[in-house]
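Residue numbers are given in my numbering: position 231 of the sequence shown equals residue 228, and the series is strictly consecutive.
The beta-carbon is built from N, C-alpha and C at its ideal position, and this holds for glycine as well.
Predicted model only: the values in this text are computed from it and were never measured.
All remarks here apply to the structure that follows.
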Amino acid sequence: MKFKKIFFTVFLSICICMILGLFLSFLTLRFVRYSPASCTESAKELQNPYIGWYQIHGYKLSEEASFDISKIQESEEKAGLVLLEFNLQDYAAGPIGDRGLALLDQLLHCWQSTGRQLIVRFFYDWDGNAMAAEPQELSIILTHMSQTSEIVNRYTDCVYIMQGIFIGSWGEIHGSRYANDEDMKALISHLASVTAPEIFLAVRTPQQWRLLTDSAEPLNESDAFQGTLSSRLSLFNDGMLGSDTDLNTYAAAPAPEGFPSSHKKSRQEEIEFQNRLCAYVPNGGEVVIPNPCNDFPAAVRDLKATRVSYLNSAYDEAVFSKWRNAFCTEDPLFSGMNGFDYISRHLGYRYVLRSSECTSVLPWEEDTELTVTLQNTGFSGCYRPFDVVLTLREPVTDRSFTLPVKTDTRSWDPGVQIHLSLPIRIREYATGTYDLYLKISDPVSGRIIELANEEPSNEYGYALGQLDISIFPR
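Structure representation (structure tokens):
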């Protein structure tokens, strides 16, 4: 009997302790309530890096040249692209002199200060007569590649793409004695070896891409962004939408079965090839010559299919006039907008914040999960990775906490909804109300990426909602 009393006393004590423990723990149970902010899509124009309309500035380097750089230095700092053309004709007989290299360095330094992203093109002719202007020996071109790349590599924070392989009229790889398979392969191989791997290279046609990479198929996800030639080699089409063949960029008819993959293919075949390739490398150029291929609906279809992210702002005004006189009717958000403005807003990536929500948690759970949904409504993705962060800010104390978001923005494809899952450890934060923000930024240029939303951003980014953390009892 005495043993039973002792056992009952011990058992009762244990039960009381457990109940007391549960009661005490219940006093510190955390409750979470999330109120999402409004997310309204906007049709406004955005100013973001690596995309849009570029302007051309040409410089002929020589030992006697001098340039007025004051206008460059006075340029307003902003996002956006410029194409810098460097004519090396005065050095066709030998290496670039000290003065020419110093001018190249000075010009790149000045353009770096503007905050613009640079497309760079070296060549020997801008009069359509490459044969007469280019060096007589391939070795001289290879030397020029080495000399200029030593300087260009100092500016990887602003040099985005190097177009061409130094040959052809206007640097477009045609009309040159070196536009044969063997010489082009030697030129692209050397250029890739002497330029920084983070700089994209570019050739004029899909056929040249296949020839110079020795690949019949475009890139796939596993091979992209590896610093190899094939993962760096992009396209620039300066005959874009100019005819059924984009001015001989494509073949006039489908290739017969068994035809070598390094040859040109039909328009539709090459558009499909670019759609796959340009998920991983940029595509741009200039539109030319009014014709049915660049009527507004056809232009939108092909620009979207080939994932075009940048175009020449000066050429062709006759095509631009057609677009300004056409109007968007199919997209309700842009209904009534003229075609030029619609295309302007869709060159490259265009991220829209769609919604956010927070999972319900039981009071004794330690984590909640925030899901943020965005969508890329542009013609292409972005080809450099952006930083994405979530910030929790408590207005009462002005304390803020920043959490990196694990995602590769280069995989944010056009038309696809992007879902970001962000775990938040509730017990690491004091009770209170927190404003949540999402910010996307470019670590190279330092630019904050604008989203296509009506709601304004601030130093923390775009508002997602409010997270209220409380304990029982309040």
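On the three-state DSSP scale, how would you describe residue i?
i: D384; result: strand
i: M128; result: helix
i: L216; result: coil
i: Y88; result: helix
i: A282; result: In the sequence under discussion, the amino acid at residue 282 is Gly, which differs from the Ala named in the question. Note: G282 maps to strand in three-state DSSP.
i: S72; result: coil
i: F256; result: coil
i: S35; result: coil
i: F163; result: coil
i: N272; result: helix
i: I466; result: strand
i: T111; result: coil
i: N177; result: coil
i: G168; result: helix
i: E267; result: helix
i: I116; result: strand
i: E195; result: coil
i: R298; result: helix
i: A62; result: coil
i: I93; result: coil
i: Y152; result: helix
i: L43; result: coil
i: S67; result: helix
i: N309; result: strand
i: N288; result: coil
i: F222; result: coil
Cutting at 6 Å between CB atoms, please list the residues of its own chain near residue i, excluding the five before and the five after it.
i: Y312; result: E283
i: Q52; result: V79, S310
i: N291; result: L238, V284, V316
i: A302; result: I268, N272
i: S166; result: D122, G125, A127, G172
i: T388; result: S397, T399, Y434, Y457
i: E391; result: G429, Y431
i: R298; result: none
i: A40; result: L330, F331
i: L105; result: Y152
i: G345; result: I48, S306, G375, S377
i: T202; result: T246
i: C355; result: Y31, T365, L367
If we count the other Cβ atoms within 10 Å of its Cβ and call it buried at 16 or more, is residue i buried or exposed?
i: Q204; result: buried
i: V156; result: buried
i: G458; result: buried
i: P46; result: buried
i: S377; result: buried
i: K262; result: buried
i: V413; result: exposed
i: F256; result: exposed
i: K478; result: The question about residue 478 has no answer here: the residues shown for the chain are numbered -2 through 471.
i: A276; result: buried
i: E218; result: exposed
i: H416; result: exposed
i: Q144; result: buried
i: R174; result: exposed
i: D395; result: exposed
Could you check where the beta strand (DSSP E) with residue i kicks off and where it finishes?
i: H54; result: 49 to 57
i: M159; result: 156 to 160
i: E354; result: 348 to 355
i: T365; result: 364 to 373
i: F398; result: 396 to 401
i: L244; result: Careful: L244 lies outside any beta strand (DSSP E) and carries neither H nor E.
i: L448; result: Unbroken run through L448: none, as it is neither H nor E.
So, at 8 Å on beta carbons, what are the nonlocal neighbours of residue i in its own chain, with the 5 sequence-adjacent residues on each side left out?
i: V7; result: Note that V7 has pLDDT 49, beneath the 50 cutoff, so the model's placement of it is unreliable and the number below is only indicative. Cβ within range, chain order: n/a, list empty.
i: K75; result: Q44, T111, G112, R113
i: A250; result: S263
Considering residue i, what are the terminal residues of the alpha helix (DSSP H) in which it resides?
i: S315; result: Looking at the sequence shown, residue 315 is not Ser but Ala. From DSSP, the alpha helix (DSSP H) with A315 extends over 314 to 321.
i: M237; result: Careful: M237 lies outside any alpha helix (DSSP H), inside the beta strand (DSSP E) at 230 to 237.
i: Q204; result: 203 to 210
i: Y339; result: 336 to 343
i: L139; result: 135 to 149
Can you find the residues in the same chain that come closer than 7 Å, C-beta to C-beta, to residue i, ignoring five residues on each side of it along the sequence?
i: P287; result: A315, V316, K319
i: A130; result: Q86, A89, Y121, D122
i: R207; result: A213, S258, S259
i: V349; result: E38, L371, Q372, T374, L448, A449, N450
i: E60; result: G94, R96, G97
i: S227; result: T210, S212, L216, D220
i: Q265; result: none
i: S418; result: E366, T368
At a threshold of 7 Å, does residue i count as lining the ligand SAH (C-beta to nearest heavy atom)?
i: A127; result: What this structure holds is no ligand at all, so the ligand SAH is not there to describe.
Just checking: is the beta-carbon of residue i within a distance shorter than 8 Å of some beta-carbon in chain B?
i: G282; result: Absent here is chain B; the protein component of the structure consists of one chain.
What are the start and end residues of each continuous alpha helix (DSSP H) run of 4 or more residues lying completely inside the segment 403 to 433, in chain order? Runs found: none.
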